[in-house]
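*Asks:*
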Amino acid sequence: MLIKVKRGWELPESAVTPEDVFMNRRQIVKALGIAPALAATASVLPAGAALAAAGEDPTVDLYPVPRNEKYTVDRPLTTQHDATTYNNYYEFGSHKQISKTAQRLEIRPWNIKIDGLVEKEFEIGIDDLLKQVSLEERVYRFRCVEAWAMTVPWSGFAMKQLVELAKPLSGAKYIKMNTIAESKAEMPGLRQFWYPWPYQEGLSMEEATNEMAFMVTGLYGKPVPKQNGAPLRLAVPWKYGFKSIKSIIQFTFTDEKPKTFWESLAEKEYGFWANVNPAVDHPRWSQATEWQLGGRQSDRVPSRIYNGYGEQVAHLYPKDAGESYFR
Ligand SMILES: Nc1nc2c(c(=O)[nH]1)N[C@H]1C(S)=C(S)[C@@H](COP(=O)(O)O)O[C@H]1N2
Ligand SMILES: [Mo]
-16 MLIKVKRGWE LPESAVTPED VFMNRRQIVK ALGIAPALAA TASVLPAGAA LAAAGEDPTV
44 DLYPVPRNEK YTVDRPLTTQ HDATTYNNYY EFGSHKQISK TAQRLEIRPW NIKIDGLVEK
104 EFEIGIDDLL KQVSLEERVY RFRCVEAWAM TVPWSGFAMK QLVELAKPLS GAKYIKMNTI
164 AESKAEMPGL RQFWYPWPYQ EGLSMEEATN EMAFMVTGLY GKPVPKQNGA PLRLAVPWKY
224 GFKSIKSIIQ FTFTDEKPKT FWESLAEKEY GFWANVNPAV DHPRWSQATE WQLGGRQSDR
284 VPSRIYNGYG EQVAHLYPKD AGESYFR
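Take -16 as the starting number for the sequence shown in our numbering and just add one per residue.
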């Protein structure tokens, strides 16, 4: 797992990661006091359990996954450092420097509930889910409603695969998703009782099965860091970033349009559809331009309708889609 595979997007020095300080698997086995002979028998202690016990993500050996060249963009990648240290994850605090606090999140065991209008409700562990999907890497643009943007290589699988596993009934029109919100010790932001926890988001079935809707499990060729939404988050790059819900534990298929976290707080500012559009301003600021993480806020580039993914998603919305589709 410590083999450094040189990838095109890896920057030489700036992207040096703390992975060199991680123990390798043999050291973990030693640290746990397991005799080498026993450790060689994989069934004695599942490697995943040992790794999780040692604080390492048990999926580390799954990455890097093959890149799908269909999803690349014409602008430079954000550095791994910037994408993993400037985050929005309100469960850990309502500011951008939550990456350290987010390490408190326990990501095993991690059970995901699939319920509502499906043939049969069920729960599945993240590691079992990962065995049933095919992982790939996609470079996507990402645009926060606050007007910062990044470009990152996500690893994961098409959300369509999850929908197929769920076997929704024909009456299902939307998918409601929830983030874990169990422990205030882990997630100090939950103490801010005026927020409508748990973080909740939703997509229409057409959006969820669109090729662009991606379930993220990795980032920069490694398991997705906790601050970026481990072990399972959404990436819907044509929408403002708040739609890309992190650390998901539940997918509910429903015939009702879900009320989302940000919509409940300020529905005029953060609507359900939230498609990126430079021509529709946020009530308190312009959306015409954006700045790139790692750059200066004063270095603006034009925003793009559907964040540049109109070809893939514009057909999902009425031709004369009113402003309500864009905020
Ligand atoms: N559970 C949860 N998911 C969330 C958020 C959050 O606060 N809680 N913030 C959203 C917002 S506003 C943005 S811009 C993106 C940020 O993702 P990143 O930190 O990986 O860049 O996560 C989204 N998903
Ligand atoms: Mo955001």
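All residues carry an ideal CB built from backbone N, CA and C; glycine is no exception. These figures come from a predicted structure and were not determined experimentally.
Would you identify the three-state DSSP class for isoleucine 97, choosing helix, strand or coil?
*Replies:* strand
*Asks:* So, at 8 Å on beta carbons, what are the nonlocal neighbours of leucine 100 in its own chain, with the 5 sequence-adjacent residues on each side left out?
*Replies:* Excluding residues within five positions, the ones whose Cβ falls inside 8 Å are Pro151, Leu152, Gly154, Ala155, Phe236, Thr237, Asp238.
*Asks:* Taking C-beta to C-beta, are glycine 201 and tyrosine 46 nearer than 9 Å?
*Replies:* Yes, these two residues count as a Cβ contact at 9 Å.
*Asks:* Ends of the beta strand (DSSP E) at glutamate 184?
*Replies:* From DSSP, the beta strand (DSSP E) with glutamate 184 extends over 183 to 187.
*Asks:* Any heavy atom of ligand 2 closer than 8 Å to the CB of phenylalanine 140?
*Replies:* no
*Asks:* Measuring CA to CA, which of Gly254, Lys240, Gly204, Ile232 is closest to phenylalanine 225?
*Replies:* Gly254
*Asks:* Within 10 angstroms of its Cβ, does threonine 134 collect 16 or more other Cβ (buried), or is it exposed?
*Replies:* buried
*Asks:* Under the criterion of a Cβ to heavy atom distance below 8 Å, does asparagine 260 qualify as lining ligand 1?
*Replies:* no
*Asks:* Would cysteine 127 pass as a contact of tyrosine 223 if the rule is Cβ separation under 9 Å?
*Replies:* yes
*Asks:* Apart from the five residues just before and just after threonine 61, which ones in its own chain have a Cβ nearer than 8 Å to its Cβ?
*Replies:* Result list for threonine 61: Met133, Thr134, Val135, Gln275, Leu276, Gly277, in chain order.
*Asks:* Using a Cβ-based criterion (distance less than 8 Å to any ligand heavy atom), does glutamate 133 qualify as near ligand 1?
*Replies:* First, the amino acid is wrong: residue 133 is methionine here, not glutamate. Methionine 133 Cβ: within cutoff of ligand 1.
*Asks:* For ligand 2, is there any heavy atom lying closer than 8 Å to the beta carbon of proline 128?
*Replies:* Sequence check: residue 128 is valine here, not proline. Correct: valine 128 has its Cβ closer than 8 Å to ligand 2.
*Asks:* Please find out if some non-hydrogen atom of ligand 1 comes closer than 8 Å to the beta-carbon of glycine 212.
*Replies:* yes
*Asks:* Report the CB separation of tyrosine 292 from methionine 195 in whole angstroms; it is logged as a contact under 8 Å.
*Replies:* With a Cβ gap of about 6 Å, tyrosine 292 and methionine 195 count as contacting.
*Asks:* Ligand 1 heavy atoms versus the CB of arginine 216: any closer than 8 Å?
*Replies:* yes
*Asks:* Between glutamate 273 and proline 266, what straight-line distance do the alpha-carbon atoms span, to the nearest angstrom?
*Replies:* Straight-line Cα distance between these residues: approximately 16 Å.
*Asks:* Between the Cα of lysine 229 and the Cα atoms of Glu252, Met198, Ala141, which residue gives the shortest distance?
*Replies:* Residue Met198 is the option with its Cα nearest to lysine 229.
*Asks:* Please determine, among Leu118, Lys251, Thr192, Ala262, the residue with the shortest C-alpha to C-alpha distance to alanine 312.
*Replies:* An answer regarding residue 312 cannot be provided, because it is not within the stretch -16 to 310 covered by the chain.
*Asks:* Can you give me the C-alpha to C-alpha distance between arginine 310 and valine 259, rounded to a whole angstrom?
*Replies:* 7 Å
*Asks:* Can you grab the Cα-Cα spacing for the pair aspartate 98 / glutamate 184, in whole Å?
*Replies:* For aspartate 98 and glutamate 184, the distance between alpha carbons rounds to 15 Å.
*Asks:* Taking the straight line between their C-alpha atoms, what separation do you get for leucine 248 and proline 179?
*Replies:* 8 Å
*Asks:* Whole angstroms are fine: how far does the CA of methionine 170 sit from the CA of alanine 18?
*Replies:* Residue placement at alanine 18 is flagged as unreliable, the pLDDT there being 44, under the threshold of 50; the coordinate-derived value follows with that caveat. Distance between the alpha carbons of alanine 18 and methionine 170: 37 Å.
*Asks:* Please state whether DSSP places glutamate 89 in a helix, a strand or coil.
*Replies:* Here glutamate 89 sits in coil by DSSP.
*Asks:* If you scan the segment 150 to 200 from start to end, which runs of the alpha helix (DSSP H) of 4 or more residues do you find wholly inside it?
*Replies:* Fully enclosed alpha helix (DSSP H) runs of 4 or longer: 188 to 191.
*Asks:* Could you tell me if glycine 139 is buried or exposed, where buried requires 16 or more neighbouring beta carbons within 10 angstroms of its beta carbon?
*Replies:* So glycine 139 ends up on the buried side.
*Asks:* Short check: CB of glutamate 53 to CB of arginine 121, under 9 Å?
*Replies:* For clarity, residue 53 is lysine in the given sequence; the question names glutamate instead. Contact flag set, yes.
*Asks:* Pop quiz: leucine 113 and threonine 42 are said to be a contact at Cβ under 8 Å. What is the actual Cβ separation, rounded to whole angstroms?
*Replies:* 7 Å
*Asks:* Find out if the Cβ-Cβ distance for the pair leucine 217, methionine 160 is shorter than 9 Å.
*Replies:* Going by C-beta atoms, leucine 217 is nearer than 9 Å to methionine 160.
*Asks:* Which whole-angstrom value describes the C-beta separation of tyrosine 72 and alanine 85, a residue pair presumed to lie in contact below a C-beta threshold of 8 Å?
*Replies:* 6 Å
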